[in-house]
Structure formats: C-alpha cells, structure tokens
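**Student:** Numbering (this note's numbering), first residue to last: 251 to 671. Got a structure for you, written out below as structure tokens; questions coming shortly.
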C-alpha cells in the first residue's frame, strides 16, 4: 500500500487511519497486505504522483515481498497510471483506491440493477485510462465480463483506425447502453416511490458509513434477514421493510449502500437511481459505529455525501450503534452530546431500540416545523396535503399559485423543499 499526505490538504482521516481503512478495503477484496510506504508532499509529482526516489523504493519493496498488487490510497490520473505501470512492469498490477472500491462493488453486486450500476462506474473510470495494454477489449465490453449484450461487430477496424480507438469506441457504446438501462430502472423506482407517497406511509432511509451496522439494525427492527457481514460494502442493493412504530404508526425503512471517505465520483453518479431512495426519504436514520476511533470523521463523510446527492435538507435522527462493545456505558451517554437528535443503541442486542422507535415516531408524526411555501396551482396534491396533515396559519392566493404559511409534520418536509419561499 502507498499512502500520500499532501501538505495543506488535510483529509477527514489522518494518513495512518486512511491506510488502515485501505487495508480493510484490501481485505474485503481478498488481498493480503504485505507492506506499506508513505510520503508527505507539497504537491503530487506530475508524472508519477509520488517522487522518483519513492517510486524506486516502492518497486524494491514490491520485488522483495513478491507483491502482485501495488495499491495507492488516492485516485491516480491516467498519466500517473501510465508512467507507473511502465516503471513497475507487467508482473505487478497497479490499483488506486477508486479501482479497488469499484472491484469490491463488482464482487458484491447481487442484483441485475446493482451489476448495471457497478459496470457503468467501472467503464466511466476506465475510459480515460485506456492504453494499448487493453488488448481485445471489444470481446469483454459486450457484457462487462460476459453478462449480457453484444458488441455488434465493433471489433472490425476501419481504415487507419488503431486498436486503442476501437477500444474507446466500444466502451463509449457500452456506456451509452448501460445509461439507457439504468434510466429505465430509475423510472421504475420513481413509479414505486410515487405509489409509496400515495399510501402516505413515510419512508425512513438508513444511512451511514460502511460497516456501521445498518443491515443488522434493519433485521432487528423488521424481523427480516437482510444479508449481514462484518466487512465493508456488504450491502449494495436497497432493501425496504415495513416497521411498526409506537402508537400504531407505520413506516417503511430502506437500507442502502454505505458511504466512505473519498467515495469515487463515478460511483456516486452511477448509483444515482439507488441514492435517490435516500434523497426522496422523509427521514434519514444515520447509523454511527460509536466504538470506531474515527466515528466523528466518518459521520462527517456521511454528511458530505448527503450534501453531494442533494439530501442535506432531510431531517436526521442519529443512532449511535454498537454500545454493547463499550466497556463503560457512560461513554455512550457522553457520545450523545456530540450528535444532535441522537439515541444510543445496539442493533445486535436490541438495547435502546424501543427508544429509537419512539423517537422515530415523534420525528415523523408528532414533530412539526414552521414553513412558508409557494405552491403552483398544478401542485394540487401538495396543497391538499398541507391542509390535511399540516396546520395552515396564513393563506394567500396569487396569480400563479398559493402562498401557505403554517406548520407541517417533519416527515413531509422533503416534499416541500423545492417550494420554500
């Protein structure tokens, strides 16, 4: 593993902590770490990211340990990859953090939807990084490893066309096909969400850093059997379960992909259809592993990703999980101070879950927020919903729509976000 700290560009985690996380990612991908090298730089080297002397040090350590993979804890540019691949030689595979995460996602994609999204992210990552070493890519691109599709004869070169140009054309065509397929999935998800909204059952999206315990929590709350493993990114595909709340209320809880610092941009874009499940939720249940030494940094990474996918406006209830692993229960109570609107729980032993469900019900059904919105007349459903579920204090009809001032249940805040005046 190769880690770099750029002066003046402090990340959420220290260099050592980031490499420890990279080691967990490597383990999840089935790799065994045999050594690591670090460097502190003012700016990345234009050609090789790390300095020339450090490159030789990495090469020597790889030869000494007979390493088959050199793993960088940053996303490398196409030029960096080309230069380093030439130096390290064909016997060693060079991966950056982004490529490793994409590889883990490819291993864990268990549904056709997940496979489509991962494949799109992989090809969008690879396109600018294609080199002549990518021989006979046309055979692979028919189905991203032979799943589906056809190259349609694109392996035939035109006059004067290089293999590299053919490869790029094949990948672009495959990317276009994948985007079309994912758009269909996105439309289906929108239809499902529209039906759920008509049922007026609120949706709670479980969010959190990878391996925080979201799937275990969903299993406890709904008596279901969502796949659980003590590894990063065990869950990729969203799972929704109905949960009964105190007072006879109902809510739909959705578990989705965990976040991580430096989450690849290509992955966020490819998983847009899935991440919209979060952006369209009525409440976010943020699960935090309170025992992790970097819990607060992980929570910050989650909030940054929520802002990135335009879900930062949705109310958040925080569940500080894994208190059963704390030797001193007082630490859990102290941790609550650092997280507003939080409750300490153990998804494994069910400790604190009644309190969590009570707070969820309060947040969804009993907590009201003052709001002033301008609703166009064609949004009749939202106008009626405000009257039915909210408390209208002032109403003004205008030429283009109605201005309503009043209070609405927190579970409905996200629906009116675009109309706030």
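Cβ atoms here follow ideal geometry from the backbone N, Cα and C, with glycine treated the same way.
Report the residue from 519, 348, 471 whose alpha carbon sits nearest the alpha carbon of residue 436.
**Tutor:** Among 519, 348, 471, the Cα nearest to that of residue 436 belongs to 519.
**Student:** Give the DSSP-derived three-state secondary structure of residue 220 in the structure shown.
**Tutor:** Because the chain in this structure spans residues 251 to 671, residue 220 falls outside the shown range and cannot be described.
**Student:** Below 8 Å on the Cβ atoms is my contact criterion, and I expect residue 303 with residue 295 to pass it. Report the Cβ-Cβ distance as a whole number of Å.
**Tutor:** Going by Cβ atoms, the distance from residue 303 to residue 295 rounds to 10 Å, so no, they are not a contact pair.
**Student:** Can you give the Cα-Cα distance for residue 566 and residue 591, rounded to whole angstroms?
**Tutor:** Residue 566 and residue 591: Cα-Cα distance of roughly 8 Å.
**Student:** What number of angstroms, rounded off, separates the C-alpha of residue 328 from the C-alpha of residue 350?
**Tutor:** Computed Cα separation, rounded: 16 Å.
**Student:** Please look up how many angstroms separate the CB atoms of residue 625 and residue 656, rounded, as I've assumed it's under 8 Å.
**Tutor:** Incorrect: roughly 12 Å between the Cβ atoms, too far for contact.
**Student:** On the criterion of 16 or more Cβ atoms from any shown chain inside 10 Å, does residue 563 qualify as buried, or is it exposed?
**Tutor:** The residue is exposed, with fewer than 16 neighbouring Cβ atoms inside 10 Å.
**Student:** Check the DSSP bridge columns for residue 592 and list the partner residues they point to.
**Tutor:** The partner list for residue 592 (beta bridge, DSSP) reads 568.
**Student:** Spatial neighbours of residue 544 within its chain, please: CB distance less than 7 Å, with the 5 preceding and 5 following residues excluded, ordered by chain position.
**Tutor:** Within the same chain, residue 544 has close Cβ partners 263, 267.
**Student:** Report all residues from its chain with a CB closer than 7 Å to the CB of residue 505; omit the five preceding and five following residues, and keep chain order.
**Tutor:** Counting only Cβ-Cβ distances below 7 Å, and skipping sequence neighbours, we find 456, 464, 465, 468, 476, 485, 488, 489.
**Student:** Could you check what DSSP says for residue 401 in three-state terms: helix, strand or coil?
**Tutor:** With a pLDDT of 35 at residue 401, under the threshold of 50, the predicted position of this residue should be treated as unreliable, and no value is reported.
**Student:** Specify whether the segment 329-340 and the segment 355-364 touch according to this definition: at least 3 beta carbon pairs, one from each stretch, less than 8 Å apart.
**Tutor:** Too few Cβ pairs lie closer than 8 Å, so no.
**Student:** Under 9 Å, do residue 370 and residue 429 count as touching if we go by C-beta distance?
**Tutor:** Closer than 9 Å, so yes.
**Student:** Give the straight-line distance between the Cα atoms of residue 499 and residue 633, rounded to the nearest whole angstrom.
**Tutor:** When rounded, the distance between both Cα atoms is 23 Å.
**Student:** How is the beta strand (DSSP E) around residue 536 delimited, first residue to last?
**Tutor:** Residue 536 -> beta strand (DSSP E) spans 533-539.
**Student:** Leaving out five residues on either side along the sequence, give the residues of the same chain with a beta carbon under 7 Å from the beta carbon of residue 378.
**Tutor:** The residues are 328.
**Student:** If contacts are defined as beta-carbon pairs under 8 Å, then residue 321 and residue 276 qualify, I think. What distance do you get, rounded to the angstrom?
**Tutor:** Yes, residue 321 and residue 276 are in contact; Cβ-Cβ is about 6 Å, under 8 Å.
**Student:** Looking only at its chain, what residues have a beta carbon closer than 7 Å to the beta carbon of residue 292, apart from the 5 residues adjacent to it on each side?
**Tutor:** Answer for residue 292: 257, listed in chain order.
**Student:** Nearest by alpha-carbon distance to residue 654: which of 663, 664, 636, 285 is it?
**Tutor:** It is 636 whose Cα lies nearest to the Cα of residue 654.
**Student:** When the Cα of residue 512 is compared with those of 284, 462, 324, 596, which residue comes out closest?
**Tutor:** It is 324 whose Cα lies nearest to the Cα of residue 512.
**Student:** Could you say which of 444, 376, 260 lies nearest to residue 414 if we only look at CA atoms?
**Tutor:** Out of 444, 376, 260, 376 has the C-alpha closest to the C-alpha of residue 414.
**Student:** Would you call the CB atoms of residue 569 and residue 536 closer than 9 Å?
**Tutor:** In contact: residue 569 and residue 536 (Cβ atoms closer than 9 Å).
**Student:** If residue 608 and residue 671 are in contact, beta carbons under 8 Å, what's the gap, nearest whole angstrom?
**Tutor:** 33 Å between Cβ atoms; not a contact.
**Student:** CA-CA distance, residue 255 and residue 558?
**Tutor:** Approximately 24 Å, taken between the alpha carbons.
**Student:** In three-state DSSP terms, what is residue 459?
**Tutor:** Here residue 459 sits in strand by DSSP.
**Student:** Could you give the distance in angstroms between the alpha-carbon of residue 346 and the alpha-carbon of residue 326?
**Tutor:** Distance between the alpha carbons of residue 346 and residue 326 is about 6 Å.
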